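All remarks here apply to the structure that follows.
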Amino acid sequence: MKIRIGYISNSSSSNFIIPGTDIIGVATKMTNIVIKDWTEKRNNSPQWVKKNKARKKIWYARLQQLSLKPSVGITFPSTNYDTWMIVNEGEIYIETSHNHDWKFPNNVLQITEGFFKNQDLIKNSFYYDLDLKMEHSYIKYLDNWNKSCVYCGQCVYKYYTDKTGKIICGFCGQKETLFL
Ligand SMILES: [Zn+2]
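Note that our numbering has the sequence shown beginning at -7, numbered continuously upward.
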């Protein structure tokens, strides 16, 4: 069973708008930065170098094979805040963690004041998840943080839905799970 390992989520997000439509190219660069940072955070210990290298390989392969349907974005975990990205009218809208140095070029508009003109677009879209290998909604939060997914047993605070509204565990990706 695939478990989505991330870090505890908080509201430390950054928003960017990048000109162009090469969402797969941008996602490839961003995932490389995430993996590099995560490996450094573990002091380049051999165990984590190996784990992260394997994860990078899987993400890269999925990105290379990905043919996104129109209006479907890409999501992957990043430190403290997952990354959500989607193409809209010739630009890539990105909501992501501010805990990585993304090294975007100068023509990238960064929106840091908390107001994101297309927040509804991000919140209401569906995304291909590089870890879970499936499409799902933007993240939703449970009111009760003590609940666990009946499939993976993870203490759950986040979930997604599919296009028919079915609940998906935010950790293992199991559909129609119950949280007990
Ligand atoms: Zn689960």
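No residue lacks a Cβ here, since even glycine has one placed at the ideal position from N, Cα and C.
A quick note: this is a predicted structure, and the numbers were derived from the prediction, not measured.
Go through its chain and collect everything with a Cβ distance to residue i's Cβ below 6 angstroms, but skip five positions before and after it.
i	result
ILE25	HIS92
GLN102	PHE8
ASN98	none
VAL89	Note that residue 89 is Ser in the sequence shown here, rather than Val. Hits under 6 angstroms: SER70, THR71, ASN72, TYR73.
VAL100	PHE8, ILE10
ASN44	ILE27, TRP30, THR31
Might you give, ordered along the chain, the residues of its own chain that have their beta carbon closer than 7 angstroms to the beta carbon of residue i, omitting 5 neighbours on each side?
i	result
ILE(-3)	Confidence is the limiting factor: at ILE(-3) the pLDDT is only 47, short of 50, which leaves the residue's position unreliable and the question unanswerable from this model.
SER63	SER117
VAL41	THR31
LYS155	PHE118
List the whole-angstrom C-beta distance separating residue i from residue j, where the pair is believed to meet the contact cut-off of C-beta under 8 angstroms.
i	j	result
SER117	ILE78	5 angstroms
TYR73	SER5	5 angstroms
TYR119	GLY165	Contact doesn't hold; Cβ gap of about 13 angstroms is too wide.
CYS141	THR169	5 angstroms
TRP94	MET22	6 angstroms
Anyone know if the C-beta pair for residue i and residue j falls short of 7 angstroms?
i	j	result
PHE171	LYS139	yes
ILE160	HIS128	yes
ILE16	LYS48	no
ILE86	PHE163	no
ASP121	THR67	yes
ALA19	LEU55	yes
ASN136	LEU113	no
Residues in the same chain with beta-carbon distance under 8 angstroms from residue i, minus the five sequence neighbours each way, listed in chain order, please.
i	result
SER1	In this prediction, SER1 has a pLDDT of 43, which is less than 50 and means its spatial position is unreliable; nothing more can be read from the coordinates.
GLY82	PRO11, GLY12, THR13
THR153	HIS128, SER129, LYS132, ILE159, ILE160
LEU134	VAL148, TYR149, LYS150, TYR151, PHE171
GLY145	none
LEU58	ILE16, ILE66, TYR120
3-residue-minimum beta strand (DSSP E) runs that sit fully inside the stretch 63 to 111, ordered along the chain: Complete beta strand (DSSP E) runs here, min 3: 64 to 68, 75 to 80, 83 to 89, 101 to 103.
Chain-ordered residues, beta carbon under 7 angstroms from a heavy atom of ligand 1: That gives CYS141, TYR143, CYS144, GLN146, VAL148, CYS161, PHE163, CYS164, GLN166, THR169.
Continuous beta strand (DSSP E) assignments of at least 3 residues falling wholly in the stretch 133 to 165: Uninterrupted beta strand (DSSP E) stretches at least 3 residues long and entirely within the stretch 133 to 165 occur at 150 to 153, 159 to 161, given in chain order.
Inside the stretch -4 to 47 only - alpha helix (DSSP H) runs reaching at least 4 residues: Taken in chain order, the complete alpha helix (DSSP H) segments of 4 residues or longer contained in the stretch -4 to 47 are 15 to 33.
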